[in-house]
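Reminder that position 30 of the sequence shown reads as 38 in our numbering, one-by-one numbering, no gaps.
Built from N, CA and C at the ideal position, the CB exists for glycine as well.
Note that the structure is a prediction, hence the values are computed from the model and not measured.
Comments concern the structure below.
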Amino acid sequence: MSEAELARFLQIAMGSASELEYHLLLAEGKHSAIS
9 MSEAELARFL QIAMGSASEL EYHLLLAEGK HSAIS
């Protein structure tokens with residue numbers, strides 16, 4: 009894997025992690041609103 013490929017992979021992975029974090033925070037917020 010070249011440096012450019014690794015950088016692209018990490019960029020995508022970080023984007024996925026950010027999206028997951030957003031969904032978890034959203035779910036937590038909805039849960040709090042229901043409680």
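Which of helix, strand or coil DSSP assigns to residue i
i	result
residue 40	helix
residue 10	coil
Between the CA atoms of residue j and residue i - distance to the nearest angstrom
i	j	result
residue 22	residue 32	15 Å
residue 14	residue 27	20 Å
residue 11	residue 20	14 Å
residue 36	residue 30	10 Å
residue 40	residue 34	10 Å
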